[in-house]
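S.K.:
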Amino acid sequence: MFTLLDFSSITFFLLSLSTVSAAADTAVNHPQSSIHQVKLLPSDALAILAFKSTADLQNNLRFSVNNKTFNHCQWVGVKCAQGRVVRIVLEGFHLGGIFRPNTLTRLDQLRVLSLQNNSLTGPIPDLSGLVNLKSLFLDHNSFSGYFPPSILSLHRLRTLDLSYNNLTGSIPPKLTDLDRLYYLRLEWNHFDGLVPPLNQSSLQIFNVSGNNLTGAVPVTVTLSHFHFSSFSWNPGLCGEILHKDCHSGLPFFGSSSVAPSPAEIEQSQQLTGLILPPPSSQKEHKKPVLILGFSAAVLVLIGSLLGFFMAIKRRRKQRVSISTPPTLASDSVAAAAAVVMRVEEENELEAKVKQMQKIQLGKSGCLMFCAGEAQVYSLEQLMRASAEMLGRGSIGTTYKAVLDNQLIVSVKRLDAVKTAKTSKEMFESHMQSVGVLRHPNLVPLRAYFQAKEEKLLIYDYQPNGSLFSLIHGSRSTRSKPLHWTSCLKIAEDVAQGLAYIHQASRLLHGNLKSSNVLLGTDFEACLTDYCLTTLADSVDDPDSAGYRAPEIRNSGSPATTKSDVYAFGILLLELLTGKPASNLFHLPTDLQNWVGSEREFEGGDENRLWMLLELATGCSKTSPEQRPTMWQVMKMIQEIKETVVREDNELMNSSKRFS
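When the letters of the sequence shown are read in order and numbered with mature numbering (1 follows the signal peptide of the UniProt record, and there is no 0), they come out as residues -22 to -1, 1 to 637.
(1) Which residue marks the beginning of the alpha helix (DSSP H) containing residue 450, and which one marks its end?
(2) Tell whether a beta-carbon distance below 8 Å holds between residue 66 and residue 91.
(3) Do residue 554 and residue 590 have their C-beta atoms closer together than 8 Å?
(4) Measuring alpha carbon to alpha carbon, tell me which of 163, 526, 405 ends up nearest residue 118.
(5) Counting C-beta neighbours from all protein chains within 10 Å, is the total for residue 147 16 or more, i.e. buried, or is it exposed?
(6) What does DSSP give as the partner residues of residue 120 in its beta bridges?
(7) Given this structure, state the Cα-to-Cα distance separating residue 546 from residue 473, to the nearest angstrom.
(8) Curious, which full-length alpha helix (DSSP H) runs of at least 4 residues does the segment 467 to 551 contain?
(9) Under a three-way DSSP split, which group does residue 71 fall into?
(10) Helix, strand or coil: how does DSSP classify residue 21 here?
(11) Could you tell me how far apart the beta carbons of residue 557 and residue 522 are, in whole angstroms, since I believe they sit closer than 8 Å?
(12) Considering only the alpha carbon of each residue, which of 74, 144, 135 lies closest to residue 157?
(13) When DSSP labels each residue in this structure, what does residue 62 get in the three-state scheme?
(14) Please check if any C-beta of chain E sits within less than 8 Å of the C-beta of residue 538.
(15) List the whole-angstrom C-beta distance separating residue 185 from residue 122, where the pair is believed to meet the contact cut-off of C-beta under 8 Å.
(16) If contact is defined by three or more beta carbon pairs under 8 Å, each pair taking one atom from either stretch, is the segment 415 to 422 in contact with the segment 355 to 364?
(17) Have a look at the DSSP bridge pairing and note the partners of residue 388.
(18) Give the DSSP bridge partners of residue 370, in chain order.
(19) Would you mind giving the Cβ-Cβ distance between residue 83 and residue 114, rounded to the nearest angstrom? I have them listed as a contact below 8 Å.
(20) Between which two residues does the alpha helix (DSSP H) holding residue 184 run?
(21) Going by alpha carbons, who is nearest to residue 504 out of 480, 475, 412, 526?
(22) For residue 541, which residues in the same chain have their Cβ closer than 6 Å to its Cβ, ignoring the five residues on either side in sequence?
(23) Can you list, in chain order, the residues of its chain whose CB lies under 6 Å from that of residue 68, leaving out five sequence neighbours each side?
(24) For residue 384, which residues in the same chain have their Cβ closer than 7 Å to its Cβ, ignoring the five residues on either side in sequence?
(25) Distance check for residue 209 and residue 372, CA to CA, integer angstroms please.
(26) Check residue 461 in the structure and name its three-state DSSP category.
(27) Taking 8 Å as the limit between beta carbons, can you name the residues of its chain near residue 639, skipping five residues before and five after?
(28) Under 8 Å: do the segment 74 to 83 and the segment 29 to 37 share three or more Cβ pairs, one atom per stretch?
(29) Taking all protein chains shown into account, do 16 or more other C-beta atoms lie within 10 angstroms of the C-beta of residue 631, making it buried, or fewer, making it exposed?
(30) Go to residue 407, then tell me how far its alpha helix (DSSP H) extends in each direction, as first and last residue.
(31) How would you label residue 598, buried or exposed, when you count the other beta carbons within 10 angstroms and need 16 or more for buried?
(32) Run through DSSP, which three-state label would residue 595 get?
(33) Identify, in the order they occur along the chain, each residue of the same chain with its Cβ nearer than 7 Å to the Cβ of residue 400, setting aside the five sequence neighbours on each side.
(34) If you follow the beta strand (DSSP E) that residue 138 is in, where does it begin and where does it stop?
(35) Using only the alpha-carbon positions, how far apart do residue 34 and residue 131 sit?
(36) My assumption, with CB atoms under 8 Å, is that residue 116 sits in contact with residue 97. Please give the rounded CB distance.
Pasting the structure below:
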């Protein structure tokens, strides 16, 4: 507890602040005009209003300067000391603009800045002017661009949270220079490259999960103390700390087994230390928004936060017990200010700890299993799974996850930017509709998960790869068209799956392509990623362009069942020719001669291939009205099969007569 002398000093300090504020009010409230009034505002007030002008597009911050009692230190979320702004906490105000340079960054006395849980976009501005900043919370926004290098100059910084944004590039190794850093959260961005060799003894809270980091986690004393969940959802991480050999399969939340050599660290520092402007086009990381703080071992994190909370309590008691009461000498105001600031900082951190406990409990959530599915694993088991990234698609990234009970599933993490406008209710309703679809030629959706900006879909794992790989092979082998019987079997499987979606649910696939056709245990063709395009603002994917029907390719109209039919026609041509869909963007007028030039025929195969080619031609008509429905396509395939069986029987009977 504080002594009486402590309280008298604080009172004296606060009275001094009131005198300064009254003088400022007197100066402000005698303007000759509204323009003159603005010019008379304190510089800190002008900085805050400049920030509001570009960040608060919906006018949610009621910062008034029009009344006689104006005092910017009384604005919501703003606190001052000796007339200067020292703390700004504007959390959850639905701020949706940009954090413009030369606004809040002019507040050189600012100690705490929190803009978390808003929707701010664009790059984080130069923060080097915030020379006294100790706590920075910019998490749960949609900031993009690279890690702001100006943060590395804030040597008083103890708390840094940039999690759940859309930041890209590497994490700078010079973070090791922030020797007071206590709390560092960078999870659920798009950072790539290596984990910096952090070794600050002060660092107690740390998380880089949910990024694209690769390589071995440096074996430092500090990093060795953190649970593997601090590195989870970085399939490219490996090393000793994560008990994962860097030369074996990749883990979901894994990290490293071999520390990088000093030469490797030096090289990575040289490369990642160069902060370059973002490239004009970054296909993998386009996004305003993402994503959610989502840790594999929630209980472990909460335990560490509770320990942090108790440590703060103990530290406060120690400080009070050994401190000498300030006197009312000439430096009493400064001493009182120091006491107030210390109490405010500790209260701020305590509040953050309690808030993080609530966030983690609220966002740990649970898997939502689709109708009729047995709950054979939990979210925690999924988070502990080792994983391998299978590929990036037009709407998200897919992983192969091996659970601790050896069950293998496929996990699709939806792109937070592209699905940002899909509300929680809309997502859940849509997934309930998709989750009941069951057909031998659909990869079943078993469960899904969503938190604030995170959406995961869990499917059965298909062991034999994709149709794209089957058709085109590896880069080292020349692709060769499949035998016509394989073409017919795959076409039938795909047609049955599409027809089922169209008829059973009145939905559509929306993104049919050979990489979204997987091969099951018996090499049956199974559709995946179906019915997901309605969740995305756009599907801007070069790999899908060749399959897009002219009516949606040119006009931007929404996909329909007839555009699914067009994609099926292109897929069938891909099967017949062995050419990728990008080569089929503009179809030749004489398809028969062109396909004939791409294949070698055996026996009576030619006539059978022409039947499939005629079907592909009908499905890929320019006018959607001229295309058949998928039910009609199925009937055509059935007729082709019957014709083939009849011809084979006739050939067999003929051979018997002449034998």
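Note that beta-carbon positions come from the ideal geometry of N, C-alpha and C, so glycine has one too.
M.R.: Once the coordinates are examined:
(1) 445 to 450
(2) yes
(3) yes
(4) 163
(5) buried
(6) 99
(7) 8 Å
(8) 520 to 523, 528 to 533
(9) coil
(10) helix
(11) 16 Å between Cβ atoms; not a contact.
(12) 135
(13) strand
(14) The question asks about chain E, but that chain is absent: this structure has only one protein chain.
(15) So it is not a contact: roughly 20 Å between Cβ atoms.
(16) no
(17) 378, 437
(18) 375
(19) 12 Å between Cβ atoms; not a contact.
(20) Taken as a continuous stretch (DSSP letters only), residue 184 belongs to no alpha helix (DSSP H), being part of the beta strand (DSSP E) at 183 to 185.
(21) 475
(22) 527, 530
(23) 55, 93
(24) none
(25) 25 Å
(26) coil
(27) For the chain, the structure presents residues -22 to 637; residue 639 sits outside this window and is missing.
(28) yes
(29) exposed
(30) 402 to 413
(31) buried
(32) helix
(33) 513
(34) 137 to 139
(35) 28 Å
(36) With a Cβ gap of about 12 Å, residue 116 and residue 97 do not count as contacting.
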